[in-house]
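Participant:
Chains as they are written, first to last, in this note's numbering: chain U, 104 to 623; chain R, 268 to 648.
1) So for residue 642 of chain R, helix, strand or coil by DSSP?
2) For residue 316 of chain U, which option in U:135, U:453, U:206 has the closest C-alpha, if you only look at C-alpha atoms?
3) Per DSSP, residue 583 of chain U forms a beta bridge with which residues?
4) Report the option in U:605, U:570, U:590 whose CA atom is closest to the CA atom of residue 277 of chain U.
5) Could you please give the first and the last residue of the uninterrupted beta strand (DSSP E) stretch that includes residue 422 of chain U?
6) Could you check whether the segment 410-424 of chain U touches the segment 479-499 of chain U, counting it as contact only if at least three pairs of C-beta atoms, one from each stretch, sit closer than 8 angstroms?
7) Among U:535, U:493, U:416, which one has its Cα closest to the Cα of residue 454 of chain U?
8) What residues from chain U crowd round residue 507 of chain R, counting only those whose CB sits closer than 9 angstroms?
9) My guess is that residue 435 of chain R and residue 367 of chain R are in contact by the Cβ rule of under 8 angstroms, so how many angstroms apart are they, rounded?
10) Apart from the five residues on each side of it in sequence, which residues of its chain come closer than 6 angstroms, Cβ to Cβ, to residue 561 of chain R?
11) Let's test the definition: count the other Cβ atoms within 10 Å of the Cβ of residue 527 of chain U and tell me whether it reaches 16, buried, or not, exposed.
12) Looking only at its chain, what residues have a beta carbon closer than 8 angstroms to the beta carbon of residue 248 of chain U, apart from the 5 residues adjacent to it on each side?
13) With DSSP as the reference, label residue 461 of chain R as helix, strand or coil.
14) Check residue 306 of chain U in the structure and name its three-state DSSP category.
15) Name, going along the chain, the residues of the segment 499-524 of chain R whose beta-carbon falls closer than 9 angstroms to a beta-carbon of chain U.
16) Which class does residue 395 of chain U belong to by DSSP, given the choice of helix, strand or coil?
17) Could you tell me if residue 370 of chain U is buried or exposed, where buried requires 16 or more neighbouring beta carbons within 10 angstroms of its beta carbon?
18) Beta-carbon within less than 6 angstroms of residue 605 of chain R's beta-carbon, same chain only, minus the 5 sequence neighbours each way: which residues are those?
19) I'd like to know if residue 497 of chain R contacts chain U, where contact means its C-beta is closer than 8 angstroms to some C-beta of that chain.
20) Count the other C-beta atoms from every protein chain shown that fall within 10 angstroms of the C-beta of residue 225 of chain U, then say buried if there are 16 or more, exposed otherwise.
21) Can you tell me the Cα-Cα spacing of residue 373 of chain U and residue 509 of chain R, whole angstroms?
22) By the three-class DSSP mapping on this structure, what secondary structure does residue 177 of chain U have?
23) Count Cβ pairs between the segment 492-508 of chain R and the segment 417-430 of chain R that sit closer than 8 angstroms; are there 3 or more?
24) Go through its chain and collect everything with a Cβ distance to residue 344 of chain U's Cβ below 6 angstroms, but skip five positions before and after it.
25) Do the segment 382-391 of chain R and the segment 613-624 of chain R touch if we need at least three Cβ pairs shorter than 8 angstroms?
26) Just to confirm, does residue 354 of chain R get its C-beta within under 7 angstroms of one of the non-hydrogen atoms of the ligand ADP?
27) Starting from the beta carbon of residue 494 of chain R, find every residue of chain B whose beta carbon is closer than 7 angstroms, and list them in chain order.
28) Pull up the DSSP beta-bridge partners for residue 189 of chain U, would you.
29) Compute the Euclidean distance between the alpha carbons of residue 234 of chain U and residue 309 of chain U, then round it to the nearest angstrom.
30) Name the chain R residues that come within less than 8 angstroms of residue 476 of chain U, Cβ to Cβ?
31) Skipping 5 residues on each side, what residues in its chain have a beta carbon closer than 7 angstroms to that of residue 419 of chain R?
32) Short of 6 angstroms in beta carbon distance, which residues of its chain neighbour residue 280 of chain R, apart from the five on each side in sequence? Order them along the chain.
33) Residues in the segment 397-423 of chain U with C-beta within 7 angstroms of chain R's C-beta atoms, listed in sequence order?
34) Check whether chain R comes within 8 angstroms of residue 434 of chain U, counting only Cβ atoms and requiring the distance to be less than that.
35) Which bits of chain R does residue 447 of chain U rub up against, with CB to CB less than 8 angstroms?
36) Do residue 549 of chain R and residue 455 of chain R have their beta-carbon atoms positioned less than 8 angstroms apart in this structure?
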């Protein structure tokens, strides 16, 4: 293995970072060779982000060294990191939608023609050059909001390359991409690596890691538990290494025994905040005891569909019925009373009040009902007793129910939302990206709970941009494309590639005459 | 992906400290800044820089506010309207609303108390006082409800509408008191004496019953905010209006309700000043209570107990200001300087943290976000 001795492009030695009560990084060693794609795997809270924040200069290590090309460096902050050729592509895109590709890339790194004006021509030229170097043509003047997610991802990577990054850290770059887009990004990453760039690839998707990585380092609870080669391992091994126990990657769910339709949606239409109709005549039903999964590239009307179904947005036309009763236009309060539970996609925006204690968040949608309320009064003891039970049942790891929800890790926050919404008699369960950003252990747990709810007779609607998730637990699968449901197929027999294609193109499914027009 | 570990459980004293550390630091720093201003102001005029001036000034300030039974009563009387209006602003902060209109609501309450009190001047104290107080509370509440409705149903920002309503209140009063409500034979424009509607004095020379109202309002506000489901809704709307909507709360209704409640408290404060102290309503009622209330609410971190303490502090400053002016020769306007500097340091809490090397909490006075947030009308959807 050691015929050629090349100094690693990046070496982190014995990195230790302690936070009050927790060692986030415990003597972590990581080395990334020039031209290598090195995957970093770990559960939420394992310490990946802390390690990368240290590399990016956002946090200072308590112990340990960072070496670039064999030389020890101290990274003072993100601008220092960028100057040293380290670039980070975040999971949530840091792009300004209304600016052009070139303007986004120039942000913070303005190339000046003179003291007053940007050198846009030079920037355009370099961006085109970089694009063709890595095998794609990009229009530097296209507005970012007009680009698909896959292209936005490329803009993020271009941004890093424009800053002459040699070491690229990608934090879950494929989280919102279709399989096709993922393949294209992978091709780009391989090309980058072959040109000598080093890539740290953070992901939860084990098969992707196996596909793209040259080496894989797994960390658990702040420690490196193994570094391995894709050829020497498989998904089960990696999952076990990551979680520290055996993990069922795809939950056993048995066959569904669907009953009567509970949630019936007829020709539903809804507009987004800017007044564009983004849900354009959707029709489906979800029966008791089945999981209907809706796949689709983000931004094809799923958000508005979910909001229209859950009372957060008024549909412009169409009908929604729960158990035969017309609930079109009802607000969240009435819908909750009808037995609807909803795990929203954006837990920070809708699902939680981050400044509130965990216990208040656990009753956020039930606070007005007994036993949590008696008349006008809140019953704090009942809330706490219930919260402590829920924290145990759903394995929400926090020192106490009084801790602010905002201080919990993403996985634990999501478990709070799930614990709350899965409680009690749920007739209709609407899940919007219920496992976004979670690790395999938490995903397994939440999927089990979803299946359990289904088996209790709930009608479950799962909307997710993560095709894997939809594929894994849906009894039927619909594909949303430009505001319409273009296909509805049987879940267990669905073909991954076919669904991916439908997501990307809308396929030859049922289309109305307006399906081809792009909203202005 | 938050890899940040859960912090260890914090004890109650630690949490209390994280709440009061910055306000306390701001007070201490403003006293220091005030001392420098005093020395400079004096020195620039007289050419003598007397370094002991702040000591004698603050000494007389303290004595004037707490040096005798009468001084203490005076502090409490001064604090009464500040606590009530402070609560009016503070409860709105809890709901994410910046009620700059406490001043207008206060004035409308004062006007109502003056007008109703004058017309009931001979109806017997029980009836006169009760009716005048209730009327003032109702008018104050309605005056608070207006911006609430405008915000909830049109999205008009409460900061803009309440500022406009403040002016409307001032000129409405000027018109009514100089015109139809004017007392005949008075040497300046004012309403007739409130007579029987005057609030009974319960302690000292001028300790009127309004201070009991203020004192009762504190636990009531606490109870409302933290013990009732309505309070939970108010706090949720303030902390995350989108989550409130998701949870089936009704932000619009809550906005109107909270603004109404704020107006009610401010209206009562106005009534207390007229029925308990002035005895009539002047056409030009010069007061800044409704604006001081904003500093009181911020200093008290929108917590009823904090507002009570902050109100007492500001009341004490007002009560001691005269003695400071007489004994130390420092103009009583120095109090306004101190209040202003306190507000400045609350806003620039990072300075306070640096000076005192505080590491508590993660953000500063969170209510300031409400002050600085000029849009974000999600709640009114």
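Cβ coordinates follow ideal geometry from the N, Cα and C atoms, glycine included.
Facilitator: In terms of the structure at hand:
1) With a pLDDT of 42 at residue 642 of chain R, under the threshold of 50, the predicted position of this residue should be treated as unreliable, and no value is reported.
2) When each option's Cα is compared against that of residue 316 of chain U, the closest is U:135.
3) Residue 583 of chain U is bridged to U:588.
4) Nearest C-alpha to residue 277 of chain U: U:570.
5) First-last of the beta strand (DSSP E) with residue 422 of chain U: 420-425.
6) They do not touch, by the three-pair rule.
7) Nearest option by C-alpha distance: U:535.
8) Neighbours of residue 507 of chain R on chain U, chain order: 451, 452, 453, 455, 456, 457, 458, 459.
9) With a Cβ gap of about 13 angstroms, residue 435 of chain R and residue 367 of chain R do not count as contacting.
10) If the five residues before and after residue 561 of chain R are omitted, its C-beta is found closer than 6 angstroms to the C-beta atoms of 356, all from its own chain and listed in chain order.
11) Exposed, since its Cβ has fewer than 16 Cβ neighbours within 10 Å.
12) Around residue 248 of chain U, the same chain offers 200, 201 as residues with beta carbons nearer than 8 angstroms, after the five sequence neighbours per side are excluded.
13) Residue 461 of chain R: coil per DSSP, three-state reduction.
14) In the structure shown, residue 306 of chain U falls within a coil segment according to DSSP collapsed to helix, strand and coil.
15) Answer in chain order: 499, 500, 502, 503, 506, 507, 509, 510, 511, 512, 513, 514, 515, 516, 517.
16) Residue state, collapsed to three classes: strand.
17) Within a 10 Å sphere around the beta-carbon of residue 370 of chain U sit fewer than 16 other beta-carbons, which makes this residue exposed.
18) Residues 297, 301 of the same chain have their beta carbon placed closer than 6 angstroms to that of residue 605 of chain R, with the five preceding and five following residues left out of the count.
19) Using a Cβ-Cβ cut-off of 8 angstroms, residue 497 of chain R counts as an interface residue toward chain U, since at least one Cβ of chain U sits closer than that to its own.
20) So residue 225 of chain U ends up on the exposed side.
21) Here the alpha carbon of residue 373 of chain U sits roughly 19 angstroms from the alpha carbon of residue 509 of chain R.
22) Residue 177 of chain U: coil per DSSP, three-state reduction.
23) The segment 492-508 of chain R makes no contact with the segment 417-430 of chain R, as fewer than three CB pairs between them are under 8 angstroms.
24) 321, 328, 329, listed in sequence order.
25) Not touching, per the Cβ criterion.
26) Of the ligands one can find in the structure shown there are none, so the ligand ADP has no counterpart to examine.
27) Of the chains in the structure shown, none is chain B; the protein chains are U and R.
28) Bridge partners of residue 189 of chain U according to DSSP: U:270.
29) Cα to Cα, the separation comes out at about 29 angstroms.
30) Neighbours of residue 476 of chain U on chain R, chain order: 496.
31) A distance below 7 angstroms between beta-carbons, with the five flanking residues on each side excluded, links residue 419 of chain R to the following residues of its chain, in chain order: 519, 522, 523, 647.
32) So the list is empty, once near-sequence residues are dropped.
33) Cβ contacts with chain R come from 415.
34) Chain R, which has a Cβ nearer than 8 angstroms to the Cβ of residue 434 of chain U, makes this yes.
35) Those within 8 angstroms of residue 447 of chain U in chain R are 513.
36) Yes; because the gap between Cβ atoms is below 8 angstroms, this pair is in contact.
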